[in-house]
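Order-wise, the sequence lines are chains L and C.
Oh and the first sequence: position 156 is 156 in the numbering used here, straight run, nothing missing.
Oh and the second sequence: position 52 is 1052 in the numbering used here, straight run, nothing missing.
Each remark here refers to the structure printed beneath this line.
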Amino acid sequence: MHGIQLGHIDYVLLFIYFAFVLGIGFALKRYTKTSTDFFLSGRSIPAWITGLAFISANLGAQEVIGMGASGAKYGIMTSHFYWVGAIPAMVFVGVFMMPFYYGSKARSVPEYLKLRFDEKTRAFNAVSFAIMTVFSSGISMHVLAKLLEQILGFNYHLCIVVSAAIVLIYIFLGGLTSAIYNEVLQFFLIVLGFCPLVFLGLKSVGGWDGLVAKLNTVATSPTNPAGKAFAPGAWTESWAHMNSASANPMGVEWFGMVMGLGFVLSFGYWCTDFLVVQRAMAANSMSAARRTPLIAAFPKMLFPALVILPGMIAIALHQNGGSFLPTDAAGKVDYNMAVPAMLARFLPPGILGIGITALMASFMSGMAGNVTAFNTVWTYDLYQSYIKPGQSDQHYLRMGHIITVVGILLSIACAYVASAFNNIMDMLQLVFGFVNAPLFATFLLGMFWRRATGHGAFFGLLSGTLAAALHHGLTLPVGATMGIKGGWLCGGHVLHTYPVDMAQNFWAAIYAWSTCFVVTIVVSLITSKNKTDDELRGLVYSLTPRIKEQGLVWYKQPAVLGVIVLAAAIALNIIFW
Amino acid sequence: MEKNMSDGMKLDVRLPIGGMFALIGAIITIYGLFSDPAIYERSLGINVNFWWGLVMFAFGAFMLLMAWRGAKKHQ
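Next comes the structure, spelled out in structure tokens:
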């Protein structure tokens, strides 16, 4: 693939986008007067807006570039991240968990943990989350800058400074509302920017049938991305090849996928990660908060067509050993270039500017999501709780402004660390994976079992994290060397070898979750309750009065929406079986 | 809380979204009319700027219309 040459028209479009993004920040400035406005949008936003922001905040570097890369590498099985992973988890958080998040009046996920369990559980979650968000936004920035340098010849440092400055300005001025409004803008930009790419790509390979035919030759060739021949359809059938891990390019069998990805990892992310939950908490009513993830689920379900399909088309055009995708010196294909290569191949100047702008928008929304979650957790859960409690609201608003600047500066620092020491970043992401994997067990027990205690939650989380680390230290993916990939605990004699690292991740999550689940129960049973039933009202299922939504029309009722979403997800799974 | 409720709509998000897409759509449509047809070899001979520009313009106009209706109802 050759670099992309942007014309004047493309720059004009890019600058129009920048102007609108900043304009939203300036327009919202006068509405941002209290810390509640800044951190929680004054809990005043309608459901369709928080719903679109809910997916857009997650639409960062991983989604657009990473899902395209996975689409090329694993084919349509990548859709499991959506139709098995995200969608059921989004229904669960909306229907079952949101009543406790929103109803408890907690201002953040760590704060819920404090209300439900105790101070140390909250501190553990708040600190790990704060560090993680700064690193994620740094990595996002680094990936964007590297990509723009590679495909457009932009200056790396300039990219970092400009994207950081824009995100800083609009969050600083308008707080969470500004981030959410821009996320909605970015959502539409990404959808409208990628539609023509998918349309033209599909047309050029002869539609879906043509794509299947081309991908069958990829699947059956031993020189494909997985390096071995599969049955035809391995790239275009999502479930048919999941009976054994060796029959599909992803290297996982259905149980590991459903439990590891579908249950533990997805529920852990969509149900407990403050980055997304914060959007729902900004909704203007309980029912709007509950509808937020459900409304988000509809477009989310269709996203595979926008982000995975271009990757599949790219590998279909590349075939085996072609020149559509760039290869490195060792002949390894650079799958992260799948989406950029598609942009360069199909979009003429003009619409190309929209595509590039959409790409930038996705990175900025991902970064802004991290920064707004970080400044809230820092101010409410760390600063107000442990450093300076009891100050005026204006004091915390000022802190919010300061920490937004600090957060962006730290992200920039992380971006440079990422560009200099790739291994450090891999290691940090690994460690965060260990910390996150067990979280969902803690929330599940916390919300649905009133006997769960603070000690139980804390030691459950700790042991779940250790279990993930231990599993990683004892296993290794095939062909990987000991170290960052695993196996560091047993001097080369690993207990188990996985066909690919994704399978290793799924199983690490399963072990971490199970350990946390069991340890939390056991420790809770041998420790005494640290909260009275009265304190737990509104936080635990059995002690909270059921919400009555009789006044709502059927299409606004969370349970009805949830059933529709799940039925649609099942239908998609069957269609692409 | 009360104060925020009365703020109600704040800035209607449909306004900037509608404005941006109407503007971008119009620019691309016009660009599509006057651009060299040779550049559409990439897009399989389809003038995507013109057609997709129209779609984006229509979307932007629709958003502006909704925002305008919302403002009227609010008064």
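Glycine is no exception: its CB is placed at the ideal position from the N, C-alpha and C atoms.
Short CB-CB distance (under 8 Å) between residue i and chain L
| i | result |
| --- | --- |
| C/Met1066 | no |
| C/Gly1032 | yes |
| C/Leu1054 | no |
| C/Lys1010 | yes |
| C/Arg1069 | no |
| C/Phe1057 | no |
| C/Phe1021 | yes |
Beta-carbon proximity check, residue i vs residue j, cutoff 8 Å
| i | j | result |
| --- | --- | --- |
| L/Gly193 | C/Tyr1031 | no |
| L/Gly85 | L/Leu261 | yes |
| L/Gly353 | L/Ile9 | yes |
| L/Tyr17 | L/Thr372 | no |
| L/Val277 | L/Val109 | yes |
| L/Gly562 | L/Val91 | yes |
| L/Ile180 | L/Ser41 | yes |
| C/Arg1042 | L/Phe346 | yes |
| L/Ala282 | L/Thr32 | no |
| L/Ala69 | L/Tyr335 | yes |
| L/Gly366 | L/Gly60 | yes |
| L/Gly483 | L/Val519 | no |
| L/Gly25 | L/Gly174 | yes |
| L/Val205 | L/Leu52 | no |
| L/Phe54 | L/Thr292 | yes |
| L/Asn573 | L/Ala368 | no |
Through-space distance from residue j to residue i, alpha-carbon basis
| i | j | result |
| --- | --- | --- |
| L/His95 | L/His395 | The residue you asked about is not His; residue 95 of chain L is Val in the sequence shown. Looking at the two C-alpha atoms, the distance is approximately 36 Å. |
| L/Pro225 | L/Pro249 | 8 Å |
| L/Met502 | L/Phe363 | 24 Å |
| L/Leu409 | L/Ile131 | 13 Å |
| L/Val523 | L/Thr515 | 12 Å |
| L/Asp534 | L/Glu119 | 18 Å |
| L/Asn155 | L/Glu149 | 6 Å |
| L/Arg620 | L/Ile564 | Residue 620 of chain L falls outside the range modelled here, since chain L spans only 1 to 577, and no answer is possible. |
| L/Ala571 | L/Phe298 | 13 Å |
| L/Leu309 | C/Ala1067 | 33 Å |
| C/Met959 | L/Ala165 | A query on residue 959 of chain C cannot be resolved here, the shown segment of chain C reaching from 1001 to 1075 and no further. |
| L/Met342 | L/Ala314 | 7 Å |
| L/Pro389 | L/Asn125 | 19 Å |
| L/Leu28 | L/Pro477 | 49 Å |
| L/Gln504 | L/Tyr498 | 6 Å |
| L/Ala620 | L/Pro326 | With chain L covering only 1 through 577, there is no way to say anything about residue 620 of chain L. |
| L/Met257 | L/Ser244 | 11 Å |
| L/Tyr82 | L/Ser56 | 14 Å |
| L/Leu6 | L/Ile151 | 10 Å |
| C/Asp1007 | C/His1074 | Reliability of the predicted coordinates at C/Asp1007 is poor, the pLDDT of 44 falling under 50, and the value obtained from them is presented with this limitation in mind. If you take the alpha carbons of C/Asp1007 and C/His1074, they lie about 11 Å apart. |
| L/Gly168 | L/Ala568 | Inspection of the sequence shows that residue 168 of chain L is occupied by Leu rather than by Gly. Cα to Cα, L/Leu168 sits roughly 38 Å from L/Ala568. |
| C/Ala1022 | L/Gln186 | 15 Å |
| L/Tyr11 | C/Ala1058 | 22 Å |
Neighbour flag for residue i against chain C, beta carbons, 8 Å
| i | result |
| --- | --- |
| L/Leu552 | no |
| L/Leu215 | no |
| L/Phe298 | no |
| L/Pro340 | no |
| L/Ser463 | no |
| L/Ile402 | no |
| L/Ser35 | no |
| L/Lys105 | no |
| L/Phe188 | yes |
| L/Arg345 | yes |
| L/Thr177 | yes |
| L/Tyr181 | yes |
| L/Pro222 | no |
| L/Thr380 | Reading off the sequence shown, one finds Tyr at residue 380 of chain L, where the question assumed Thr. No - not a single Cβ of chain C is within 8 Å of the one on L/Tyr380. |
| L/Pro349 | yes |
| L/Tyr498 | no |
Whole-Å CB distance - residue i paired with residue j, under 8 Å assumed
| i | j | result |
| --- | --- | --- |
| L/Asn370 | L/Thr177 | The pair is not a contact, with the Cβ atoms about 17 Å apart (cut-off 8 Å). |
| C/Asp1012 | C/Gly1070 | 6 Å |
| L/Pro438 | L/Ala512 | 4 Å |
| L/Met312 | L/Ala47 | So it is not a contact: roughly 33 Å between Cβ atoms. |
| L/Val218 | L/Ala330 | Not quite, the Cβ-Cβ distance comes to about 20 Å (not below 8 Å), so this is no contact. |
Check your understanding: Does the pairing of the stretch 507-514 of chain L with the stretch 462-477 of chain L give three or more beta-carbon distances under 8 Å?
Key -> Short answer: they touch.
Check your understanding: When the Cβ atoms of the stretch 305-315 of chain L are set against those of the stretch 194-211 of chain L, are three or more pairs found closer than 8 Å?
Key -> Taking a cut-off of 8 Å on C-beta distances, the stretch 305-315 of chain L touches the stretch 194-211 of chain L, as three or more cross pairs fall below it.
Practice item. Specify whether the stretch 65-76 of chain L and the stretch 232-248 of chain L touch according to this definition: at least 3 beta carbon pairs, one from each stretch, less than 8 Å apart. Key: Output reads yes: the stretch 232-248 of chain L touches the stretch 65-76 of chain L.
Check your understanding: Looking at C-beta atoms only, is the number of pairs between the stretch 400-408 of chain L and the stretch 469-486 of chain L that lie closer than 8 Å three or more?
Key -> At 8 Å Cβ cutoff, the stretches do not touch.
Practice item. Give a yes or no on contact between the stretch 530-547 of chain L and the stretch 96-103 of chain L, applying the rule of three or more CB pairs nearer than 8 Å. Key: Because the criterion of three Cβ pairs below 8 Å is met, the stretch 530-547 of chain L and the stretch 96-103 of chain L touch.
Review point. Would you call the stretch 443-452 of chain L and the stretch 426-435 of chain L touching, i.e. three or more CB-CB distances under 8 Å?
Key: With fewer than three CB-CB distances shorter than 8 Å, the stretch 443-452 of chain L does not count as touching the stretch 426-435 of chain L.
Exercise for review: Report yes or no: do the stretch 140-150 of chain L and the stretch 551-559 of chain L share at least 3 C-beta pairs separated by less than 8 Å?
Suggested key: A contact between stretches requires three or more CB pairs, one per stretch, nearer than 8 Å, and the stretch 140-150 of chain L fails this requirement with the stretch 551-559 of chain L.
Point to revise | Segment contact flag, the stretch 212-230 of chain L with the stretch 1055-1063 of chain C, C-beta cutoff 8 Å, min 3 pairs | key: Look at the beta carbons and you see the stretch 212-230 of chain L not touching the stretch 1055-1063 of chain C: under three pairs across the two are nearer than 8 Å.
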